[in-house]
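Here's the structure, in structure tokens; my notes come after.
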Amino acid sequence: MKKRVLLLLPLFLGACSNSGESPVIKIEKLHVKVESDGDSAKEEDYANKMDELPALKVGDEVKALLLLDGNGAELKTFTLQNDEEVKAKPKFLTESEISTEGNLTDESKGQYRFKDGVRQTKVEVEATVIHVNEDGEVKLSFYLSSKAECEGAQEEIGLKTKVDDEKEE
Numbered sequence: 004m005k006k007r008v009l010l011l012l013p014l015f016l017g018a019c020s021n022s023g024e025s026p027v028i029k030i031e032k033l034h035v036k037v038e039s040d041g042d043s044a045k046e047e048d049y050a051n052k053m054d055e056l057p058a059l060k061v062g063d064e065v066k067a068l069l070l071l072d073g074n075g076a077e078l079k080t081f082t083l084q085n086d087e088e089v090k091a092k093p094k095f096l097t098e099s100e101i102s103t104e105g106n107l108t109d110e111s112k113g114q115y116r117f118k119d120g121v122r123q124t125k126v127e128v129e130a131t132v133i134h135v136n137e138d139g140e141v142k143l144s145f146y147l148s149s150k151a152e153c154e155g156a157q158e159e160i161g162l163k164t165k166v167d168d169e170k171e172e
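Residue numbers for the sequence shown follow the numbering used here, beginning at 4 and rising by one.
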């Protein structure tokens, strides 16, 4: 019996990589408000042109619509990175998908646990630049895991920043 189990072990270990069950985070929309030459602000979708993102300053907001897909497996957790440069908050389109049992979901830490049966969902993340660091870039980071025995998905959105001369004075 032990020999049979050992013979099947490589099949189980390789199953994840061959079947493509690793979860996926896809950026469907990425909006930032850009001040145009006139008084009105222009909002543009940068999801397919990330290299054209404008430099942001303290107080600027970014909205990202993310597709979270378990690739056939049930979703387990979603985590977003909050740090000293960017404060992000998710807005789940269907809050009935998030578990509130125990302490598995901790909004203050940006950790969310899905209820059983959720295989795909969308989440809108609103982020505000609260500090500009010296290297001129901040990152929005997301991590998604599924109940499949696979590596989770990680996605980062690099945001260029600039110091607002008017606010410094």
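Note that CB positions come from ideal geometry on N, CA and C, so glycine has one too.
Fair warning: this is a prediction, and the values are worked out from it, not measured in the lab.
Query raised in the report: Who does Ile133 pair with in a DSSP beta bridge?
Result: In DSSP, Ile133 forms no bridge with anything.
Query - Under the three-state DSSP convention, the category Glu55 falls into - result: helix
Query raised in the report: Per DSSP, Glu159 forms a beta bridge with which residues?
Result: Ser144
Query raised in the report: So, helix, strand or coil for Ser102, using DSSP?
Result: coil
Query raised in the report: Are Lys66 and Thr164 touching if we call contact CB-CB under 8 Å?
Result: no
Query raised in the report: Exposed or buried, what is Lys79 when buried is set at 16 or more other beta-carbons lying within 10 Å of its beta-carbon?
Result: buried
Query raised in the report: Roughly how many angstroms separate the alpha carbons of Gln84 and Ala50, rounded to a whole number?
Result: 19 Å
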